[in-house]
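Quick note, the sequences are listed as chains A and B, same order.
No gaps in the numbering here: position 4 of the first sequence is 441 in the working numbering, and each next residue is one more.
No gaps in the numbering here: position 22 of the second sequence is 398 in the working numbering, and each next residue is one more.
Report on one structure; see the data block that follows.
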Amino acid sequence: SQTIHQWPATLVQPVGSPLSLECTVEGTSNPNLYWYRQAAGRGLQLLFYSVGIGQISSEVPQNLSASRPQDRQFILSSKKLLLSDSGFYLCAWSYGTGRNQPQHFGDGTRLSIL
Amino acid sequence: DAKTTQPPSMDCAEGRAANLPCNHSTISGNEYVYWYRQIHSQGPQYIIHGLKNNETNEMASLIITEDRKSSTLILPHATLRDTAVYYCIVRVSSGSARQLTFGSGTQLTVLP
């Protein structure tokens with residue numbers, strides 16, 4: 438069966454510090470991968486998605502970036518965090534396009550910027 | 377993606393069936409109905425999806441009306457761990473590289 442891992446679960450970072458969140462998927466190959474952010478009391482906002490190694494699409498302009506160095510690894514980064522980057526970050530995977538399969542989410546990283 | 381309407385909250389006694397309704401009157405022919413839930417401080421969990429036939433898996437059953445304008449998620453024997461916000465989403469394919477849009481959902485509280 439497929440599993441998705443995200444770490445760390447919680448993170449407290451000062452403003453201006455760098456960020457690296459990692460997500461890995463097991464049990465499938467060539468998945469679509471997604472990074473979402475959920476602000477407190479609000480819905481999910483898609484930040485990035487990837488349909489293959491090195492292929493990243495950005496949905497929202499921001500100071501975050503994403504990379505996919507391996508087929509089942511998705512990384513969310515920032516060089517300098519802003520207060521507005523606080524939130525609940527979720528990684529998700531799905532089978533490739535053309536299938537009606539659902540997105541499956543990790544347990545998330547709760548990021549607090551001080 | 378078609379708009380969905382869900383009651384904001386529901387209660388259910390432990391061990392009884394929980395029936396969560398969703399209206400999606402503007403659904404088009406190629407749109408699926410997906411259900412997710414989110415337990416506080418966790419990532420959303422996929423439950424079930426369907427196009428027009430009723431579906432059942434180890435977690436729940438999905439009943440879609442013949443005109444597809446509404447559906448009901450059924451948790452056959454609710455437990456305290458089923459307390460969560462349940463989201464009904466209608467879209468062409470959750471698996472395509474597009475955003476999942478979660479509405480406000482239904483807060484289900486399972487009571488002991």
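We treat Cβ as the ideally placed atom computed from N, Cα and C, and that holds for glycine.
Going by DSSP, name the residue or residues bridged to residue i.
i: B:ALA389; result: B:LEU487
i: B:ILE440; result: B:SER447
i: A:GLY524; result: A:LEU548
i: A:ILE441; result: A:VAL462
i: A:ASN469; result: A:SER531
i: B:PRO397; result: B:THR448
i: A:THR447; result: A:ARG547
i: A:GLN482; result: A:ARG474
i: A:GLY489; result: A:GLN492
i: B:GLU431; result: B:LEU438
i: B:ARG492; result: Chain B is shown from 377 up to 488; residue 492 of chain B falls before or after that span and cannot be answered.
i: B:THR455; result: In the DSSP output, where bridge partners are listed per residue, B:THR455 has none listed.
i: B:ARG467; result: B:TYR408
i: A:LEU501; result: A:SER515
i: A:GLN507; result: A:GLN510
i: B:GLY426; result: B:VAL409
Buried or exposed: where does residue i fall if 16 or more other Cβ atoms within 10 Å of its Cβ makes it buried?
i: B:THR441; result: exposed
i: B:HIS400; result: buried
i: B:ASN406; result: exposed
i: B:LEU487; result: exposed
i: A:GLY491; result: exposed
i: A:ALA477; result: exposed
i: B:ILE403; result: buried
i: B:ARG467; result: buried
i: A:ARG509; result: buried
For the beta strand (DSSP E) holding residue i, just list the boundary residues, first then last.
i: A:PHE511; result: 510-515
i: B:GLN382; result: Here B:GLN382 belongs to no beta strand (DSSP E), and DSSP marks it neither H nor E.
i: B:LEU476; result: Neither: B:LEU476 is in no beta strand (DSSP E) and is coded neither H nor E.
(request) Please list the residues of the region 384-400 of chain B that have a C-beta atom closer than 8 Å to any C-beta atom in chain A, keeping them in chain order. (result) none
(request) Quick one: which residues of the region 479-512 of chain A get their C-beta closer than 9 Å to a C-beta of chain B? List them in chain order. (result) GLY480, LEU481, GLN482, LEU483, TYR486, SER487, VAL488, SER494 and GLU496
(message) Tell me which residues of the region 474-485 of chain B have at least one Cβ-Cβ distance to chain A shorter than 9 Å, keeping chain order.
(response) ARG474, GLN475, LEU476, THR477, PHE478, GLY479 and SER480
(message) Would you call the region 423-439 of chain B in contact with the region 460-472 of chain A, where contact means no fewer than 3 C-beta pairs closer than 8 Å?
(response) no
(message) For the structure I just gave you, are there three or more beta carbon pairs, one from the region 510-528 of chain A and one from the region 444-458 of chain A, closer than 8 Å?
(response) yes
(message) Would you call the region 498-506 of chain A in contact with the region 439-455 of chain A, where contact means no fewer than 3 C-beta pairs closer than 8 Å?
(response) no
(request) Output, in sequence order along the chain, the residues in the region 516-539 of chain A whose CB is closer than 7 Å to any CB in chain B. (result) LEU527, SER531, TYR532, THR534, ARG536, ASN537, GLN538 and PRO539
(message) For the structure I just gave you, are there three or more beta carbon pairs, one from the region 456-463 of chain B and one from the region 380-396 of chain B, closer than 8 Å?
(response) yes
(request) Note down, in chain order, all residues in the region 402-419 of chain B with a beta-carbon under 7 Å from any beta-carbon belonging to chain A. (result) TYR408, TYR410, GLN418 and GLY419
(request) Could you tell me whether the region 535-547 of chain A touches the region 419-430 of chain B, using the rule of 3 or more Cβ pairs below 8 Å? (result) A contact between stretches requires three or more CB pairs, one per stretch, nearer than 8 Å, and the region 535-547 of chain A meets this requirement with the region 419-430 of chain B.
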